Amino acid sequence: MQSEEEINKKLGRSIARKRKAVGYTQDDVSLHLDIGREAYSRIERGITGASVAKLYALAELFGCEVEAFFTEANRSPSQQVEAVERQLSKLSSSEQKLLVRIVEALAPVLKKIS
1 MQSEEEINKK LGRSIARKRK AVGYTQDDVS LHLDIGREAY SRIERGITGA
51 SVAKLYALAE LFGCEVEAFF TEANRSPSQQ VEAVERQLSK LSSSEQKLLV
101 RIVEALAPVL KKIS
């Protein structure tokens, strides 16, 4: 079982990735959450856990679901498959086929790079 500290660190890294993906600074997010920049920084560093209310506010700000923070934080293969499956289910059949072809073409390239 993971400690609360380990969970907070993973969750914080996930939140930071989401923030960067949408182009916000820590200052932007701390203003939105109505907390100090240092308090928000402590969440991203995993020193402090984010409350449920803050997670919902972050999800709304980043345009994602709350569970996205947890699925990114836990990188087990089965959970990654579930996350991809959830995203695919939102697409039309033709979009799903296109995405699968892209992944199939990209996977060998990524394998060579890593």
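Each residue of the sequence shown is one higher than the one before, starting from 1 at the first, in UniProt numbering.
Here a beta-carbon is modelled for each residue, glycine too, at the ideal position from N, C-alpha and C.
From a predicted model like this one, the values you see are computed outputs, not experimental measurements.
- In this structure Leu11 touches Phe69 by the C-beta definition: roughly 6 Å separates them, less than 8 Å.
- For Ala107, the number of other beta carbons within 10 angstroms of its own is below 16, and it is reported as exposed.
- Using a C-beta cut-off of 8 Å, the segment 95 to 107 makes no contact with the segment 57 to 65, since fewer than three inter-stretch Cβ pairs fall below that distance.
- Between the alpha carbons of Glu104 and Val66 lies a distance of about 29 Å.
- A residue is called buried once 16 or more other Cβ atoms fall within 10 Å of its Cβ, and Lys90, having fewer, is exposed.
- For Ile35, the closest of Ser14, Arg13, Lys54, Lys20 by C-alpha to C-alpha distance is Lys54.
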